[in-house]
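Undergrad:
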Amino acid sequence: MAAILVAAMVVLLSVTVAESATVEYQFEVATMNVTRLCGSKSIVVVNGQFPGPTVSAREGDLVVVRVVNKAQYNMSIHWHGVRQLRSGWADGPAYITQCPVQPGQSYVYKFTITGQRGTLWWHAHISWLRATVYGPIVILPKLGVPYPFAAPYKEVPLMFGEWWKADTEAVISQALQTGGGPNVSDAFTINGLPGPLYNCSAKDTFKLKVKPGKTYMLRIINAALNDELFFSIAGHPLTIVDVDAVYIKPITVETLLITPGQTTNVLLTAKPSYPGATYYMMAAPYSTAASGTFDNTTVAGILEYEDPSSPSSAGFNKNLPLVRPTLPQINDTSFVSNYTAKLRSLATEEYPAEVPQEVDRRFFFTVGLGTHPCAVNGTCQGPTNDSRFAAAVNNVSFVLPTTALLQSHYTGMSNGVYSSNFPAVPQSPFNYTGTPPNNTNVSNGTRLVVLSYGDAVELVMQGTSILGAESHPFHLHGFNFFVVGQGFGNFDPAKDPAKYNLVDPVERNTVGVPAAGWVAIRFRADNPGVWFMHCHLEVHVSWGLKMAWVVQDGSLPDQKLLPPPSDLPKC
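Going letter by letter, the sequence shown gives residues -20 to -1, 1 to 551 in mature numbering (1 follows the signal peptide of the UniProt record, and there is no 0).
1) Compute the distance between the beta-carbons of Leu302 and Thr258, then report whether it is under 8 Å.
2) Thinking Asn202 and Leu17 are a contact (beta carbons under 8 Å), I'd like their distance in whole angstroms, please.
3) Quick one, which of Ala70, Phe274, Asp476, Lys50 has its alpha-carbon nearest Val510's?
4) Going along the chain, which residues of its own chain have a beta-carbon closer than 8 Å to the beta-carbon of Gly68, five neighbours each way excluded?
5) Please say whether Ala111 and Ala51 have beta carbons closer to each other than 8 Å?
6) Could you check the C-alpha separation between Val405 and Phe129 for me, to the nearest Å?
7) Quick check on the DSSP output: what are the complete beta strand (DSSP E) runs of length 3 or more inside the region 52 to 88, in order along the chain?
8) Check whether the region 426 to 439 touches the region 327 to 347, counting contact only when three or more Cβ pairs, one atom from each stretch, lie closer than 8 Å.
9) Under 7 Å Cβ to Cβ from Lys479, same chain only, skipping five residues before and after it: list those, please.
10) For Leu482, which residues of its own chain have a beta-carbon under 7 Å away from its beta-carbon, when the five flanking residues on both sides are left out?
11) Short of 7 Å in beta carbon distance, which residues of its chain neighbour Lys550, apart from the five on each side in sequence? Order them along the chain.
12) Can you name the start and end residues of the beta strand (DSSP E) that Gln6 belongs to?
13) Could you tell me the boundaries of the alpha helix (DSSP H) in which Ile152 lies?
14) In three-state DSSP terms, what is Arg110?
15) Give a yes or no on whether the C-beta atoms belonging to Arg38 and Val88 are separated by under 8 Å.
16) Can you name, in chain order, every residue of its own chain whose Cβ lies under 8 Å from the Cβ of Leu447, other than the five neighbours on each side?
17) Smallest Cα separation from Met261: which of Leu100, Asn489, Pro73, Leu177?
18) Work out the CA separation of Phe461 and Thr63 for me, nearest whole Å.
19) How close, in whole Å, do the beta carbons of Val493 and Phe468 come, if the pair is a contact with beta carbons under 8 Å?
20) Which residues in the same chain have their Cβ closer than 8 Å to the Cβ of Val379, if we skip the five residues on either side of it in sequence?
21) With DSSP run on the structure shown, which of helix, strand or coil describes Asp538?
22) Of the choices Val376, Ser377, Tyr398, whose alpha-carbon is the least far from that of Thr383?
23) In the DSSP assignment, the beta strand (DSSP E) including Ser377 goes from what residue to what residue?
24) First and last residue of the beta strand (DSSP E) that includes Glu135?
25) For Asn202, which of helix, strand or coil comes out of DSSP?
26) Identify whether Leu431 lies in helix, strand or coil by the three-state DSSP scheme.
27) Can you tell me which residues form a DSSP beta bridge with Thr346?
28) In the structure shown, what three-state DSSP assignment does residue 554 receive?
29) Tell me which residues share the same chain as Asp366 and place their Cβ nearer than 8 Å to its Cβ, disregarding the 5 neighbours each side in the sequence.
30) So, with DSSP's three-state summary, where would you put Glu(-2)?
31) Three-state secondary structure (DSSP) at Ala(-13)?
32) Should Tyr412 and Asn470 be called a contact, given that it needs their Cβ atoms to be closer than 8 Å?
33) Pick helix, strand or coil for Gln466, following the three-state DSSP scheme.
34) Just verifying my parser: in three-state terms, what is the DSSP assignment at Val43?
35) Once you ignore the five residues that flank Thr94 on each side, which residues in its own chain have a CB closer than 6 Å to its CB?
36) Contact between the region 103 to 118 and the region 28 to 37 is defined here as three or more beta-carbon pairs at a separation below 8 Å; is this criterion met?
Spelled out as structure tokens, the structure:
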């Protein structure tokens, strides 16, 4: 009997091993000249591609990416949304989980895709280099496992980006010197192309050619630096089936909203017969910030049909009518909250929503803008001429250390690098969404929260109205979380938790904290390491809208952080 059991185990083992593969990539980071909007400039790219190459894997695969830095900047790559179970050394944010890869150096990122399938993405995670260093991650289900919806005819990545005529490293460097807001971008892009609504860019237009009656899956990624985007395709409803690489109950919409950092898989079904028209697909920003502080332009790509009667499908027929979609107003916050409230986890037996029902640790974080005093006897270009823009979580504007936090934690040498006293609640409560306090100065610090392995965490993030109420898309590294509640105004701990959805809340890695509102998330701290959490608007990251969590090792061998790889970069 024992022999039969052992034989059965061996067979099982060989089946699971056969199902997972190792996929390997070489990423050469270097500069190249690119022309957009009538101007050429040098940008940092991977493998001479903009956007960068697609990393494709199946659930369960080991992914190995060797990054060789041939650019003049320090570099690190983040695999956005990948759980990185026990492999925090491969997560990528500079000075959080690793020192950056210096010019002329290399580093091998190794991680296993565990329990995820859908679309994620990779991007530079140092300074503003992700403006051009980004690409898709496509995770297919395990071999033989179908999608929980009809398989599409074709799958197409759709990455939104943001383009500056100027050098983005100079843009943020100048802003940090003056204390003012950085110059806004000149265009948005779809798969690196600005398209026909911008000067001399008609030749740089993303076109999607479809066959009548076929269904296409668009893997949509918002890689813009500073803008949440509305997206719509004229005359074509979109069925959302997956967000942040987690299946949802399908919903059909005319327009979707996607924040920087988020991904959305949609099914687009082409019209049953040749329509004799072409259709704009358009993206434009959602923002409640003051006019002039963001890029208020619109990017368009073109959806065109193959004409069954035309012998050549090569040329684009300019004579066909071009249909435009109608996008919401730029500050349509009610559209945004209605849209996000519709997203629900699939929550089936096969794809359960494992929402923590009980909570071990509760946190309440204010997130928003603030100020620092201007440097001695200088004038600044902040909200007033004697202040600089800043941003803070619970009034702490995060200062990146000069050595990596994960290594300091792992070696037990955190003294002088970080402190473990990040405030669990605001130290000076105020009317968060009402009239702002007179003193808007924030403190600086490298302060972390320490969690025990397995803790069930509830975090309420409360937006503030200091220097204007804005939406803040927050990204948590190393985890997915459940969005159990959201609302406007100040969170009420006596009344609001009663309205939480603990049955099928959407599960994501990036969530918008509503403008002048709050969002509640829950997650289980089942991944040991140091995990960055930050606003995904790059300008706010630069100002300090970030913090980090330490998750301690558990007692069992598979609950401990693996040792660092031998080629881990040094600071």
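Ideal Cβ placement from N, Cα and C applies to all residues, glycine included.
TA: Based on what the coordinates show:
1) yes
2) Not a contact, Cβ separation roughly 20 Å.
3) Ala70
4) Thr77, Leu386, Gly458, Asn507, Pro508, Gly509, Val510, Trp511, Leu541
5) no
6) 42 Å
7) 57 to 60
8) yes
9) Gly465
10) Val335, Gln337, Val464
11) Cys79
12) 2 to 16
13) 148 to 158
14) helix
15) no
16) Gly348, Leu349, Gly350, Thr351, Pro363, Phe369, Pro416, Thr420
17) Leu177
18) The question names Thr, but residue 63 in the sequence shown is Arg. Each residue's Cα considered, the two are about 11 Å apart.
19) About 11 Å; that fails the 8 Å criterion.
20) Asn424, Gly425, Thr426, Gly524
21) helix
22) Tyr398
23) 376 to 378
24) 134 to 143
25) strand
26) strand
27) Gln442
28) Within the shown structure, residues of the chain are numbered from -20 to 551, placing residue 554 beyond reach of any answer.
29) Pro353, Cys354, Thr359, Cys360
30) helix
31) Caution applies to Ala(-13), whose pLDDT of 41 falls short of 50 and renders its modelled position unreliable; the value that the coordinates give is listed next. Of the three classes helix, strand and coil, the one that applies to Ala(-13) here is helix, per DSSP.
32) yes
33) strand
34) strand
35) Arg63, Leu65
36) yes
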